[in-house]
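Notes follow once the structure below has been shown.
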Amino acid sequence: MKFFIDTANLKEIDEARSLGMLNGVTTNPSLISKESVYNQKEIYQHYISICKRLKNDENVSAEVISSDYTDMIQEGEKLASLHPKIVVKIPMTKNGVMAIKYFFRKKIKTNCTLIFSTGQALVAAKAGADYVSPFLGRLDDVSYNGLSLIKEIKNIYDNYYFKTKILAASIRSPLHIVECAKIGVYAVTSPINVIYSLLNHPLTNIGLARFIKDFKNKIK
Numbered sequence: 007m008k009f010f011i012d013t014a015n016l017k018e019i020d021e022a023r024s025l026g027m028l029n030g031v032t033t034n035p036s037l038i039s040k041e042s043v044y045n046q047k048e049i050y051q052h053y054i055s056i057c058k059r060l061k062n063d064e065n066v067s068a069e070v071i072s073s074d075y076t077d078m079i080q081e082g083e084k085l086a087s088l089h090p091k092i093v094v095k096i097p098m099t100k101n102g103v104m105a106i107k108y109f110f111r112k113k114i115k116t117n118c119t120l121i122f123s124t125g126q127a128l129v130a131a132k133a134g135a136d137y138v139s140p141f142l143g144r145l146d147d148v149s150y151n152g153l154s155l156i157k158e159i160k161n162i163y164d165n166y167y168f169k170t171k172i173l174a175a176s177i178r179s180p181l182h183i184v185e186c187a188k189i190g191v192y193a194v195t196s197p198i199n200v201i202y203s204l205l206n207h208p209l210t211n212i213g214l215a216r217f218i219k220d221f222k223n224k225i226k
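One gets this note's numbering by counting positions in the sequence shown from 1 and adding 6 to each.
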């Protein structure tokens, strides 16, 4: 399973790279708004800076902010032209699905975001999305088991040999990551603090402290 980091922060991307855990980056307008970019030109340059931090087989999802079909096409084409590693992130709407179909014909990669149902995931795959991003945490927030949705999408895609990859998003805990790995999704995307949480276990800390104590008591 691949690990994407859900951020637009260059420092966090570098941290994930140093951990050996980086396979790609996902962004959204909210994440971009947290960075020191103040106009469209600076936003585009920021995307390019992210791409330059990635290896050849990695990519960054850059999201359109338009809701109109024509505007989505223009914005998506501009984003795709910035760098070969950019995947155009499109929301699950009627116009979004039409845009995904357009980009599929143009051989521009897309990530269909804000997926909350199997029906939405099915439509996105039929339209030709390269990735779908189901939101686990936000479904859990409204008392629906997000992992059940992931399983259903995976089953449907396997049944019909869809090439669309599942990029599980809105990851809130290490358990989400582990369960996604059990299901066999292509990738998860999460904040870096959730990735760090995979490293921690109280017994590891206790064991390490004991090893060091025993060594120091013996070697003086």
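Note that beta-carbon positions come from the ideal geometry of N, C-alpha and C, so glycine has one too. Since the structure is predicted, the reported quantities are computational estimates derived from the model, not experimental observations.
Could you spell out where the alpha helix (DSSP H) holding residue i opens and where it closes?
i    : result
T210 : P208 to K224
S275 : Outside the displayed span of the chain (7 to 226) sits residue 275, for which this structure offers no information.
A24  : First, the amino acid is wrong: residue 24 is Ser here, not Ala. Counting along the chain, the alpha helix (DSSP H) containing S24 begins and ends at L16 to L25.
K132 : T124 to A133
Could you say which of the options lies nearest to residue i if we only look at CA atoms?
i    : options                   : result
L16  : I162, V31 and R216        : V31
I156 : S42, A127 and A133        : A127
G102 : S87, V138, G213 and P197  : V138
T195 : E81, E64 and L85          : E64
F109 : P90, L120 and A86         : A86
S24  : F217, L209, V184 and I201 : I201
A22  : L205, F221 and L209       : L205
I38  : R144, F141, A14 and G143  : A14
F141 : I183, S42, I198 and N165  : I183
Y166 : I79, M78 and K132         : K132
E83  : I159, R111 and T99        : R111
K89  : M78, C57, T99 and Y75     : It should be noted that the sequence gives His, not Lys, for residue 89. Closest by alpha carbon: C57.
N3   : T124, A187 and V129       : Here the chain comprises residues numbered 7 to 226, so residue 3 is not present and cannot be evaluated.
T99  : K91, Q80, V129 and E81    : V129
E18  : T76, L60, N151 and Q51    : L60
N199 : T119, E185 and R178       : R178
I11  : P35, I54, V66 and Q46     : V66
G26  : V43, K8, I159 and P35     : K8
What are the partner residues of residue i, as DSSP defines its beta bridges?
i    : result
P118 : Reading off the sequence shown, one finds Cys at residue 118, where the question assumed Pro. Answer is I96 and V138.
G30  : F10
I need the boundaries of the beta strand (DSSP E) containing residue i, first residue and last residue.
i    : result
S196 : A193 to S196
Those runs of the beta strand (DSSP E) which lie wholly inside the segment 54-86 and span at least 3 residues = 66-69
Within the chosen definition, does the segment 115-124 reach the segment 21-31 through at least 3 CB pairs nearer than 8 Å?
-> no
Decide if the segment 185-192 is in contact with the segment 166-173; the criterion is three or more beta carbon pairs, one per stretch, under 8 Å apart.
-> yes
Please determine if the segment 93-101 and the segment 57-70 are in contact, where contact requires at least 3 C-beta pairs separated by less than 8 Å.
-> yes
List in chain order: all unbroken alpha helix (DSSP H) runs of 4+ residues lying wholly within the segment 135-187.
-> 142-147 and 152-166
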